[in-house]
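Some notes on the structure that comes next.
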Amino acid sequence: MKRLIFATGNQDKMKEIRMILGDLDYEILSMKEAGISADIVEDGKTFEENAEIKASAIAKISNCLVLADDSGLEVDYMDKQPGIYSARWMGEDTSYDIKNKKIIENLEGVPDEKRTARFVCAVAAAFPDGKVITKRGTIEGIIGYEQRGENGFGYDPIFFLPEYGKTTAELSPEEKNKISHRGRALELIKKELEAYN
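Each residue of the sequence shown is one higher than the one before, starting from 2 at the first, in my numbering.
See below:
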């Protein structure tokens, strides 16, 4: 079976990725499982650039097909922050509980129609022959008034989907993977991988 490395150390993310890409004919490994440790400077100006930087760097080291994603939360009222800095916003070691509380605080008194936000995910596939393909997935919602839900991670507990009446942290993993930004981007990449084989 061919190997596919996903350039992340995030175990929650790996769970989602394996669920979404599980029917591909690849053994899906994290960087750690593939025995790769690399400190990659993500200095791109967009989600796409950061995903491509990561995927290309690991593809050069491993000579394997590599997928990488860059994802984040854009809050319209906060000029689309934290955006590409979502993981590093307020400091890399700051818990998401604190980050989520800060966003809710920033939107205190702001009505629903101005609480619009989206999760964005760009997934890059870097092939051993040097070819790179990038796809973007998004999901629109609003910032909730409190943290809700035990599923998901990161900003999921404050990302409210009015049509579901739930935050993405209240959706089951199956529901979330069908509609999430990462799920949508990975489905688009999956089509490319199937065509490439």
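Idealized CB from N, CA, C, for every residue including glycine. Every value quoted in this text rests on a predicted model; they were computed, and no experiment measured them.
Rank the options by C-alpha distance to the C-alpha of residue i and give the top, closest one.
i: G150; options: A126, E164, T168; result: T168
i: D40; options: M32, T47, V133; result: M32
i: M4; options: P129, R89, A123, M91; result: As written in the sequence, residue 4 is Arg, which differs from the Met given in the question. With distances taken between Cα atoms, R4 lies closest to P129.
i: D77; options: S63, D13, F160; result: F160
i: I62; options: G36, K102, E43; result: G36
i: E34; options: G145, E141, Q12, Y146; result: Q12
i: L162; options: S173, N152, P174, G145; result: G145
i: K103; options: D113, M79, F120, V121; result: M79
i: C65; options: E28, Y97, F154; result: E28
i: I134; options: K191, M15, K14; result: K191
i: G142; options: K132, A170, G131; result: A170
i: E147; options: N101, L189, G131; result: N101
i: L187; options: I85, D113, G153, K136; result: K136
i: L189; options: A123, G131, P112; result: A123
i: G48; options: G73, K132, K81; result: What sits at residue 48 in the sequence shown is Phe, not Gly. F48 has its Cα closest to that of G73, out of G73, K132, K81.
i: R116; options: D94, I85, E75; result: E75
i: V121; options: K81, G153, N152; result: K81
Quick one: is residue i buried, meaning 16 or more other Cβ sit within 10 Å of its Cβ, or exposed?
i: Y165; result: exposed
i: S87; result: buried
i: A196; result: exposed
i: D157; result: buried
i: G92; result: exposed
i: E99; result: The residue you asked about is not Glu; residue 99 is Ile in the sequence shown. So I99 counts as exposed.
i: P83; result: buried
i: E53; result: buried
i: S38; result: exposed
i: S173; result: exposed
i: R89; result: exposed
i: E175; result: exposed
Short of 8 Å in beta carbon distance, which residues of its chain neighbour residue i, apart from the five on each side in sequence? Order them along the chain.
i: G184; result: E17, I21, G138, K177, N178
Which residues in the same chain as residue i place their Cβ atom closer than 7 Å to its Cβ, once the five residues preceding and following it in sequence are excluded?
i: L194; result: L25, A126
i: G155; result: Y97
i: A118; result: L74, E75, V76, D77, G142, I143, I144, F160
i: I180; result: I140
Can you list, in chain order, the residues of its chain with a C-beta nearer than 6 Å to that of residue i? Leave out the 5 residues immediately preceding and following it.
i: V111; result: Y78
List in chain order: all unbroken alpha helix (DSSP H) runs of 4+ residues lying wholly within the segment 46-95.
-> 48-63
Mind the definition here: the segment 3-10 touches the segment 62-71 only if three or more C-beta pairs lie below 8 Å; say whether that holds.
-> yes
Touch check for the segment 100-107 and the segment 53-63: three-plus C-beta pairs under 8 Å?
-> no
Runs of beta strand (DSSP E) wholly within the segment 3-30 (minimum 3 residues, chain order) | 3-7
Entirely enclosed alpha helix (DSSP H) segments - the segment 111-180, minimum 4 residues | 174-180
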